Amino acid sequence: MEQVITAMADALFITNNIGRIKKVNRAAQELFGFSEEELINKPISLIIDDEQVLIKAIHQHSFYQKNLQNLEVVCRTKTREKRLIAFSCSVIPKKIKGLEEIVYIGRDITARQQREQRTSAQYAITRLLSESQTVKQVIPKILQSICQNLGWDLGELWAPSQYIGTSVQGDSLNAVLRCVEIWSSRVISVREFKAITWQTTYIPGVGLPGRIWIRRLPLWIQDITEDGDQRRSQPAAEAGLHAAFGFPILDDSEILGVMVFFSRDIQPKDKELLQMVGSIGSQIAQFIKRKQAEDALVESEERYRDLFENANDLIQCVNAYGRFLYVNRAWQEALGYSESEIVNMNVFDIIHPEFKQDCLQRFYRVLSGEKIGQVKAAFVTKGGQTIFLEGNINCKFVEGYPVATRGIFRNITQRLAAEEALRHQQEETERLLLNISPGAIPKPLNEVANIVEDVADVTVLFADIVSFTEIAASMSAIQLLNLLNSIFSTFDRLTEQHGLERIKTIGDAYMVVGGLPTRRRDHAQAIAQMALQMQTAIALFNTENNQNFSIRIGIHTGSVATRVIEFKEITYNLWGDTVNIAYCMESQGIVGKIQVTEDTYKSLCNEFLFEKRGEIEVQGKGKMTTYLLIGRKE
């Protein structure tokens with residue numbers, strides 16, 4: 001039994017019925033940083049913040065003859081570092097009442113709690129930014145959300161102006177930082193510390209806010225009492241505050257403010273937390289810049305409001321989150337919503353479900369700066385009717401930021417109804433003609449024609465999403481379809497941009513050819529450029545969708561046989577050694593790399609950078625020398 005206790009991975013304590021430690025295993029010593037001698041005969045309160053809660057729960061379960069399972073308790077290490085431990089406990093009865101012993105088995109779940117807290121904080125910040133109308137409204141909520149979700153006690157915002165948002169890019173080294181917002185937990189008494197903070201100013205490089213301002217990086221202080229801030233270190237210690245961290249609200253090279261947070265605990269530096277809040281700082285900065293741009297947009301477009309109000313077309317202006325900024329009178333009359341209802345609506349709330357996915361993709365394409373042609377959509381009125389619209393949308397950019405989409409639509413519901421009635425009438429007419437015709441009426445020529453051709457010089461690319469089967473197992477079919485559709489839509493745009501031809505997709509594989517149907521000398525260059533941009537597109541997709549996809553790409557240049565299938569639209573099928581070798585380049589490639597054959601390398605080596613991989617065995621071809629495409633030469 002002694003060997004089992006020693007080998008246990010979980011911490012084990014045995015105490016008497018008043019909480020004094022009688023036995024402890026090695027895992028407990030390592031977890032809490034105490035030696036066995038330092039723990040034996042000491043009260044369990046040495047490591048547990050409030051052991052009475054635990055002991056009370058133990059005795060209640062013992063009364064009902066049950067074991068206590070996974071009770072989460074805040075504990076302290078020898079260095080007073082906070083740990084969250086899930087304890088399972090049981091009472092060992094003795095013949096003599098009062099001599100019972102209590103067995104505690106604890107597992108450290110601090111890391112799990114931190115992951116949950118940080119995910120919750122990131123979600124809460126994103127939701128606050130998407131729902132808030134003004135900067136002044138959202139900042140106190142962000143301070144509160146970070147404190148409550150991450151377990152900190154006080155949060156501050158420091159800025160050089162009366163309130164955050166005024167640009168100081170040209171004179172940031174001479175800025176004077178003032179605290180413009182504070183949030184604190186009710187469990188701490190910090191009235192005097194707050195009063196001193198409101199009266200304190202910092203110049204860049206002085207104090208925690210000033211150091212963050214000048215370095216433009218998140219910073220951590222394990223114990224503020226050991227910091228050199230002569231103005232606030234002592235008041236912070238008197239208020240019971242110790243650990244502190246802060247991060248800049250930074251938009252590229254422009255700093256808008258600094259957020260600082262305090263805890264009652266001494267806490268070692270947490271690099272992952274600093275990385276996360278640095279990202280939150282950028283997110284807040286983007287929100288501030290977008291709101292500034294929206295304000296400028298509203299002011300500018302007031303001049304056009306009268307013109308819009310008297311237009312017959314449906315006109316709408318929507319911000320980057322999909323919330324309505326403006327609709328004209330014709331829009332309101334057609335949809336039936338009042339101004340007070342529109343203020344709280346999102347454009348995707350009224351788009352018909354069958355059109356929602358397509359409209360969402362077009363919306364993000366417009367926000368990215370892409371110019372798209374005429375669009376069709378269906379909106380649902382307040383009364384539940386569906387109206388069909390046709391028109392154009394574009395995006396307003398201010399200082400490079402997308403701030404609003406503007407759409408001008410024409411109601412084509414009646415036109416579509418008339419076209420449907422006409423089509424129905426034509427079908428009826430044709431049916432009557434067939435009934436009265438003495439012979440068969442010739443059918444239009446719509447048979448499928450197969451055209452086979454040999455093409456001497458093309459470049460074929462295969463791309464495949466690595467470990468897609470494992471990823472797919474963790475998703476629903478709809479989620480999987482949406483992800484693939486988003487990725488392949490991006491690849492399709494690159495194909496069109498470079499004048500290439502997509503041949504087909506099979507599951508998560510994508511095949512494209514250069515040099516067909518239009519002959520071109522630079523087909524290898526176009527394929528190489530697309531391959532590099534596919535890598536960039538996957539990286540951007542991972543960032544935006546919190547995914548970790550990797551792709552493997554293979555390329556070969558040579559001749560193919562092609563069959564043109566003509567039916568409603570022209571599609572192609574390819575076969576031959578070039579196709580097989582290109583597929584081998586992908587399937588035997590390296591994750592995240594672009595592998596090309598020597599033929600392709602020779603076509604590209606003057607314009608692109610390569611790394612020689614060496615020889616690989618290709619089925620039916622023997623050993624082939626291959627290269628890895630790195631990038632384009634400057």
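In terms of UniProt numbering, the sequence shown opens at residue 1 and continues consecutively.
No residue lacks a Cβ here, since even glycine has one placed at the ideal position from N, Cα and C.
Because the structure is a prediction, the values reported are computed rather than measured.
So, at 6 Å on beta carbons, what are the nonlocal neighbours of residue i in its own chain, with the 5 sequence-adjacent residues on each side left out?
i: Phe308; result: Ile315, Asn328
i: Arg632; result: Phe608
i: residue 640; result: There is simply no residue 640 to check, as the chain begins at 1 and stops at 634 in what is shown.
On the criterion of 16 or more Cβ atoms from any shown chain inside 10 Å, does residue i qualify as buried, or is it exposed?
i: Cys605; result: exposed
i: residue 672; result: Coverage of the chain is limited to positions 1 through 634, which leaves residue 672 absent and any answer about it impossible.
i: Arg348; result: Checking the sequence, you will find Phe at residue 348 rather than Arg. Result: exposed.
i: Val176; result: exposed
i: Lys291; result: buried
i: Ala11; result: buried
i: Met534; result: buried
i: Leu68; result: buried
i: Glu615; result: exposed
i: Arg215; result: exposed
i: Phe13; result: buried
i: Leu173; result: exposed
i: Asp251; result: buried
i: Gln267; result: buried
i: Ser189; result: exposed
i: Arg191; result: exposed
i: Tyr321; result: exposed
Which of the three DSSP states, helix, strand or coil, is assigned to residue i?
i: Pro438; result: Residue placement at Pro438 cannot be trusted, given a pLDDT of 42 that sits under 50; what the coordinates show is reported in the next sentence. Correct three-state label for Pro438: coil.
i: Gln595; result: strand
i: Tyr321; result: coil
i: Gln316; result: strand
i: Asn546; result: coil
i: Gly246; result: strand
i: Gly400; result: coil
i: residue 655; result: Residue 655 lies beyond the residue range present for the chain, which begins at 1 and ends at 634; the question has no answer from this structure.
i: Pro43; result: strand
i: Arg613; result: strand
i: Leu177; result: strand
i: Arg502; result: strand
i: His352; result: coil
i: Met345; result: coil
i: Glu238; result: helix
i: Asp295; result: helix
Work out the CA separation of residue j and residue i for me, nearest whole Å.
i: Gly19; j: Leu129; result: 48 Å
i: Pro204; j: Phe247; result: 14 Å
i: Tyr123; j: Asn319; result: 20 Å
i: Gly278; j: Ser253; result: 14 Å
i: Thr626; j: Gly514; result: 20 Å
i: Pro444; j: Pro353; result: Summary for Pro444: the model assigns pLDDT 41, below 50, so the residue's position carries little reliability; its value from the coordinates is reported in the next sentence. Their Cα atoms are separated by approximately 36 Å.
i: Glu101; j: Lys94; result: 8 Å
i: Ser88; j: Leu71; result: 7 Å
i: Asp295; j: Cys584; result: 55 Å
i: Trp144; j: Pro43; result: As written in the sequence, residue 144 is Gln, which differs from the Trp given in the question. Each residue's alpha carbon lies about 36 Å from the other.
i: Val458; j: Gly576; result: 12 Å
i: Gly383; j: Lys376; result: 21 Å
i: residue 637; j: Glu302; result: Residue coverage of the chain in this structure runs from 1 to 634, which leaves residue 637 outside it and unanswerable.
i: Gln529; j: Ser559; result: 20 Å
i: Trp220; j: Ser476; result: 41 Å
i: Lys271; j: Ile527; result: 41 Å
i: Phe245; j: Ser161; result: 22 Å
i: Met511; j: Thr495; result: 10 Å
Excluding sequence positions up to five away, which residues of its chain have a Cβ less than 7 Å from the Cβ of residue i?
i: Ala582; result: Val460, Leu461, Phe462, Gly554, Ile555, His556
i: Ala311; result: Asn328, Ala330
i: His523; result: Val458, Thr459, Gly514, Gly515
i: Ile372; result: Arg362, Arg365, Val366
i: Thr119; result: none
i: Arg323; result: Asn346
Enumerate in chain order the residues of its own chain whose CB-to-CB distance from residue i is below 8 Å, with the five nearest sequence positions on each side excluded.
i: Glu399; result: Lys289, Ala293
i: Phe541; result: Ser486, Ile487, Thr490, Gln547, Phe549
i: Gly369; result: Cys395, Phe397, Pro402
i: Glu374; result: What sits at residue 374 in the sequence shown is Gln, not Glu. Answer for Gln374: Glu390, Gly391, Asn392, listed in chain order.
May I ask you to verify whether the stretch 461-471 touches the stretch 547-563, counting CB pairs closer than 8 Å and requiring at least 3?
Yes, since at least three Cβ pairs between the stretch 461-471 and the stretch 547-563 fall closer than 8 Å, the two stretches touch.
Cβ pair count under 8 Å reaching 3, the stretch 16-35 against the stretch 88-107:
Under the Cβ criterion (8 Å, minimum of three pairs), the stretch 16-35 counts as touching the stretch 88-107.
Within the chosen definition, does the stretch 108-120 reach the stretch 134-151 through at least 3 CB pairs nearer than 8 Å?
With a cut-off of 8 Å, the stretch 134-151 and the stretch 108-120 count as touching, because enough Cβ pairs lie within range.
Check whether the stretch 258-268 touches the stretch 233-245, taking contact to mean three or more Cβ pairs, one atom from each stretch, closer than 8 Å.
Contact check between the stretch 258-268 and the stretch 233-245: three or more CB pairs, one atom from each, fall below 8 Å, which counts as touching.
Examine the Cβ distances between the stretch 41-48 and the stretch 73-82 and report whether three or more of them are shorter than 8 Å.
With the rule of 3 Cβ pairs closer than 8 Å, the stretch 41-48 counts as touching the stretch 73-82.
Are there three or more Cβ pairs, one per stretch, closer than 8 Å when the stretch 358-371 is compared with the stretch 387-403?
Counting C-beta pairs with one atom in each stretch, the stretch 358-371 and the stretch 387-403 have three or more that are closer than 8 Å, which means they touch.
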